[in-house]
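Contents: one structure, followed by commentary.
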Amino acid sequence: MEKLEEADIQGYIVRGYKHMMYSRYVMLHVTDAAAAKTFLKDISGSITNVTHFPKSNCLNIAFTAQGLRALGMNEENLSNFRREFYEGMTTPHRQRILADYDSSAPEKWRWGGPNNEEAHILLMVFGADEATAINYYKQLEQQFLAAGLKNVFELDGQTLPFNKEHFGFRDGISQPLIKGSDRKGPEQDYVNAGEFIMGYKNEYNVFPDTPILTKDQGNMSDLPYDPMGTGKKDIGRNGSYMVMRQLQEDVDGYWTFMNEKTKNDDGSMNVQESVKLASKMMGRWPSGAPLSLYPDADPAGDNKEVDYYTAYFTYQDSDKEGLKCPFGSHIRRTNPRDAFEDNGVEKSFKLTRRHRIIRRARLYGQPFAGSPTNHKPETEVGLMFTCFNADIGRQFEFISYTWANYPKFLQLYNDPDPVSGIREVCPPGTEQTFTIPAKPVNKYITGMKSFVTVRGGAYFFFPSITTINYLTTI
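Per UniProt numbering, the sequence shown runs over residues 1 to 474.
This is the structure we're talking about:
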């Protein structure tokens, strides 16, 4: 197992900055390439890598394809990046894959869409609390404005107690563990580093595709050579591709739907059944406890710090028929574990590891965790979803299309992912259902509604520290 070159890897891939409770994401537009590169050079020494354990602030940076072009990267070298990154998130093909239609159509986005000013550079500023994060950001703001960088969009994020998201469920659970890092967990959760970080072997035991310099440009002396032996310099090593999507959450609509579908015969609210239905759709209870281990009730109750959510579990032994955790639930679809279609346990784990992503997310809007009796936040609320992968098509896009959006999943026929795959306007001649396996007959929740709207998104290159320094020389 190859040890990660942690000092060269930006820290947010490996560490989720759990202790950084506040963050600000800032999309910058380059107006002066030379001045922008001076700014990058000035801050490169402050960028947080995996070996850093800062107590007050963290800083990371990412680039869109347009951003690399704006800094001066020539098209021959730029075209060596993965096609998904080079083409961007808003092509008609990607729109179909990601189901970005209706209110989520890119034309309606606030950033990253065809009607928005181009985002070139993303600054991710983290702080132990709001004041610490904003004070640090203001220092950086003086520098980037002086370098002609234009702030085209910003959004503040935060973390709620018990890491809950606005629908009221614990988030960020059951992440893959990168081999070669110091993170500890169940053996089946370890995934080869090359699934997430370029320059290392992936789950196919090959090096992932990496952007190489086929045309000499800038000071390439510190760059490593392509591991495939082409003799060309590699700017991908120790970097990753980062997916970011701003997801607005309709908390009121979500819990109103759950309450309506579970009300008592006299029309009154059944809080217990409402929570249970929402949990069936998620695959976990609000505390994070998995239904496959605790099918009847949340063992933790509400807002308790417990270890249930980290409990290791599989499906073949405990829930092969989906009677506890439905086949169509969000977590079962996006991480099938040992039940990948009709494969055996060992092959299922092998195939699942080839489609994992490392998820990061921060909440925006009012600090609010919904429930059947409390579901009306005073402001817009949502999630700044972020994930890392070395192959956007095989990982993030595969999960989105094949596992989440596609209605024919395992034994299901009209069941897109109930959390992330429901279309706002159902395609003609189709219906959207959530199936709860049961004996003697299944239960069907019909008239499914979408409670998540995409407000912006982009694919980013999340480079190594070495590559960030290289970019200042092109």
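Glycine included, C-beta positions come from ideal geometry on N, C-alpha and C.
No Cβ-Cβ contact shorter than 9 angstroms links Glu378 with Ile97. The beta carbons of Ala361 and Phe385 sit about 5 angstroms from each other, so the pair counts as a contact at 8 angstroms.
Within its own chain, the residues whose Cβ lies closer than 8 angstroms to the Cβ of Tyr444, once the five positions on either side in sequence are excluded, are Thr433, Phe434, Thr435 and Ile436, listed in chain order. With respect to Asp342, Thr314 sits apart: the two C-beta atoms are not nearer than 9 angstroms. Going by DSSP, Asp42 is part of no beta strand (DSSP E) but of the alpha helix (DSSP H) stretching over Ala33 to Ile43. Rounded to the nearest angstrom, the gap between the Cα atoms of Leu223 and Asn374 is 53 angstroms. In the DSSP assignment, His29 falls outside any alpha helix (DSSP H) and lies within the beta strand (DSSP E) extending over Tyr22 to Val30.
Counting along the chain, Asp156 sits inside the beta strand (DSSP E) bounded by residues Leu149 to Gln158. Per DSSP, reduced to three states, the secondary structure at Ser279 is helical.
Assignment of Asp216 by DSSP, reduced to helix, strand and coil, places it in the coil class.
Gln248 sits in a strand when the DSSP states are folded into three classes. Inter-residue distance for Gly88 and His29 is about 16 angstroms (C-alpha atoms, whole angstroms). Uninterrupted beta strand (DSSP E) stretches at least 3 residues long and entirely within the region 360-384 do not occur.
Taking the Cα positions, Val454 is about 14 angstroms away from Asn116. Checking the DSSP bridge columns, you'll see Met89 has no partner listed. Arg69 carries a helical assignment under DSSP once its states are collapsed to helix, strand and coil. Looking from the CA of Asp317, the closest CA among Gly328, Glu346, Ala289 and Ala300 belongs to Glu346. Taking the Cα positions, Tyr12 is about 43 angstroms away from Lys263.
The residue from Gly218, Asn219, Gln217 and Leu213 with its alpha-carbon nearest to that of Tyr225 is Leu213. Counting every other CB atom within 10 Å of its CB across the protein chains shown gives Asp216 a total below 16, marking it as exposed. Approximately 18 angstroms separates the beta-carbon atoms of Val275 and Pro161; this is outside 8 angstroms, ruling out the contact.
Per the DSSP secondary-structure output, Tyr459 pairs in a beta bridge with Val243. Annotation for Tyr137: the continuous alpha helix (DSSP H) segment containing it runs Glu130 to Ala146. Annotation for Phe434: no alpha helix (DSSP H) segment contains it, though the beta strand (DSSP E) segment containing it runs Phe434 to Ile436. With a contact defined as Cβ atoms closer than 8 angstroms, Gln395 and Arg356 qualify at about 7 angstroms. For Val125, the uninterrupted beta strand (DSSP E) segment begins and ends at Ile121 to Gly127.
With three or more CB-CB distances shorter than 8 angstroms, the region 50-66 counts as touching the region 454-465. Taking the C-beta atoms as reference points, Leu247 is found nearer than 9 angstroms to Val452. Setting aside the 5 residues that flank it on each side, Gln143 is surrounded in the same chain by Phe39, Asp42 and Ile43, each with a C-beta closer than 8 angstroms to its C-beta; the list follows chain order. Taking a C-beta distance under 9 angstroms as the contact criterion, Pro290 and Cys325 qualify as a contact pair.
Separation of the CB atoms of Tyr470 and Ile235 is rounded to 6 angstroms, and the pair is thereby assigned contact status at 8 angstroms.
In chain order, Thr433 place their CB closer than 6 angstroms to the CB of Thr446, counting only its own chain and leaving out the 5 sequence neighbours on each side. Here Ser420 is near Ala404, since their CB atoms are less than 9 angstroms apart.
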